[in-house]
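Take a look at the structure below.
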Amino acid sequence: MKLYSTNNPNHIVELEEAVFRGLPPDNGLYMPTAIPQMPKSFFENLGDFSIQEIAFEVCKELFKGYIAEVDIQKIVKAAVTFDAPLFELHENTYVLELFHGPTLAFKDFGARFMAQLMGYFLEKSSKEIHIIVATSGDTGGAVAAGFYKTKGVKVTILYPSGKVSDLQEKQLTTLGENITALEIDGTFDDCQKLVKTAFLDNDVTEKVNLSSANSINIARLIPQSFYYFNTIAQLKKAGNNLPTVFSVPSGNFGNICAGMIANKMGLPVERFVASVNANDTFVQFLKTDEFTPKPSVATLSNAMDVGNPSNFARIYELFGKNADNVRKSVSGYSYSDEATRKAVREIYSNYGYIMDPHGAVGYLGAKEYINENKLNANAVILHTAHPAKFIDTYDADLKAKITLPNALSDLIDKKKVSIKMKNSYEDFKSYLLK
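326 is the number of the first residue of the sequence shown in our numbering; add one for each residue after it.
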């Protein structure tokens, strides 16, 4: 599998280099030189496949001639150990529950797969790597859990102080061992900028083998495509063959980009809806053709508080760097915290289902798109995290109805351990070189 930089199509590397480097030296993002089509037989039998079988078939096409099938089986078996079930909210409207992994967020799919893929490559070498990752919430916990005690891997997680939920913070600050948390005095965009700057700093990269576990790393996106295929598989198994609209709560736009890659591999998708909070850079792009990053603002759906979504470069690439082509496949809507709170209430009142703030934004996007276009189609809302992770955002009566899973309740009494740091690249560089 060969990949090129979105900033330079002539810069081509093998999968191993792309995974460990994370970012190309020109500050682009890695993209496959070719996206294979899944065979016709795969789609004919899709309704009979489990998510693990889907993962194997997708990886077999992507890694053909590069990773042996027996090794692909081992990677998938170790990484994909939980399901992504569909819950029918009401007729033809579904919730794709992506929080059944160990840290109760969709990031578990990417982090666990990436850890296994890196482990496969590390087995063949004696090198050690230092993963640096910025998080707006769930990525940090998933990466910490995915790489915990992994031989040859040190992990540093940068997160914005005071801008993640208490339980999210505990997930990334209580493990210790090879996991270190840096509490940055700034926003997620500041954290992401520190990470990207380090990758472009020769003083650092000559001395430290850096890699990233954000969705800027292609190894994070590949496994996130699995549950898009699996959604259609579940619908087919239930005899539902209507066209399908995916409404994706979006921040750094890795999740929706993974769905677009699945679509390019042949998965039939009627429409992608990018559902965002007040950080509406992408929605404005759809309206104006201008991608203008801006400082992020804090919202209830904190994992989506991204003013400069990195994966825009990949999305633009997938659609031939043409805004009209993007609009033919993607719609975008932005919602306030007030609208999000009302949606959480509406969903519970109408369907008895408690949705986290990110999922609620996805619900609003799905509802608006389907109503606007009067479609007879499935609307699938990606529910990206367990509501208990955001328990303090709910009114008292709803909060009382949420039971903390053991994976979260066990964290309450654990001591947070973080290194507080200014939003200063020199301080971060000093930490990396120390």
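Just so it is clear, CB atoms sit at the ideal spot from N, CA and C, and this is done for glycine as well.
Hey, could you find the ends of the alpha helix (DSSP H) residue i is sitting in?
i	result
Ile379	Ile376 to Leu387
Phe578	Premise fails: Phe578 is in no alpha helix (DSSP H) and is neither H nor E.
His683	Pro682 to Asn698
Ser600	Here Ser600 belongs to no alpha helix (DSSP H); instead the beta strand (DSSP E) covers Arg596 to Val601.
Ser654	Ala648 to Ser654
Leu447	Lys432 to Glu448
Val608	Thr606 to Thr613
Val705	Where Val705 is concerned, there is no enclosing alpha helix (DSSP H), although the beta strand (DSSP E) it sits in stretches over Asn703 to His708.
Lys399	Glu394 to Ala404
Val458	Not the alpha helix (DSSP H): Val458 falls in the beta strand (DSSP E), residues Ile454 to Ala459.
Lys667	Asp662 to Tyr676
Lys724	Ala721 to Lys724
Taking 7 Å as the limit between beta carbons, can you name the residues of its chain near residue i, skipping five residues before and five after?
i	result
Phe385	Contrary to the premise, residue 385 reads as Lys rather than Phe in this sequence. Once the five neighbours on either side are set aside, the close Cβ partners of Lys385 are Glu394 and Ile397.
Glu642	Thr331 and Met356
Tyr750	Leu519 and Thr522
Tyr673	Ile679 and Leu723
Lys474	Glu502 and Asn503
Gly511	Pro485 and Asn748
Which whole-angstrom value is the C-beta distance of residue i and residue j, which I expect to be below 8 Å?
i	j	result
Ala704	Ile695	5 Å
His708	Leu421	6 Å
Val383	Ser550	6 Å
Ile454	Gly477	7 Å
Asn555	Ala409	6 Å
Ala404	Phe438	4 Å
Lys754	Asp526	7 Å
Leu429	Ala710	6 Å
Phe472	Ala440	5 Å
Looking at residue j and residue i, is the spacing between their C-beta atoms short of 8 Å?
i	j	result
Leu483	Ile509	yes
Ile504	Leu546	no
Ser600	Val573	yes
Ala668	Leu689	yes
Phe578	Ile679	no
Ala303	Asn539	Nothing can be reported for residue 303, as the shown portion of the chain is limited to 326 through 759.
Ser537	Gly347	yes
Phe374	Gly591	no
Gly576	Ala628	yes
Lys741	Lys402	no
Lys561	Leu371	yes
Val480	Gly462	no
Lys589	Ile360	yes
Pro349	Gly435	no
Asp351	Asn335	no
Starting from the C-beta of residue i, find all residues in its chain whose C-beta is less than 8 Å away, skip the five residues before and the five after it, and write them out in chain order.
i	result
Tyr445	Ile392, Asp396, Lys399 and Ile400
His415	Asn675 and Tyr676
Ile727	Ile679, Pro712, Ala713, Ile716 and Tyr719
Ile744	Thr505, Ala506, Leu507, Glu508 and Tyr756
Where does the unbroken beta strand (DSSP E) through residue i begin, and where does it stop?
i	result
Leu414	Leu411 to His415
Val338	Asn333 to Glu339
Tyr419	Thr418 to Glu422
Leu328	Lys327 to Ser330
Tyr355	Tyr355 to Pro357
Ile744	Ile744 to Lys747
Sorted by chain position, which residues of the same chain lie with C-beta nearer than 6 Å to residue i's C-beta, five sequence neighbours on each side aside?
i	result
Asn633	Asp514 and Pro618
Ala638	Thr331 and Leu354
Ala648	Asp614
Val651	Phe644
Gly426	Phe407 and Asp433
Leu729	Ala713
Met746	Leu507, Ile509 and Asp752
At a cut-off of 7 Å, is residue i close to the ligand GDP when judged by its beta-carbon and the heavy atoms of the ligand?
i	result
Val669	You won't find the ligand GDP in this model; it holds no ligand whatsoever.
Start-end ranges of the alpha helix (DSSP H) lying completely within the segment 499-584, minimum 4 residues:
For the segment 499-584, whole alpha helix (DSSP H) runs of length 4 or above, ordered along the chain, are 513-524, 527-530, 543-549 and 551-562.
I'd like the ranges of any beta strand (DSSP E) spanning at least 3 consecutive residues and lying wholly in the segment 466-491.
Runs of the beta strand (DSSP E) inside the segment 466-491: 478-485.
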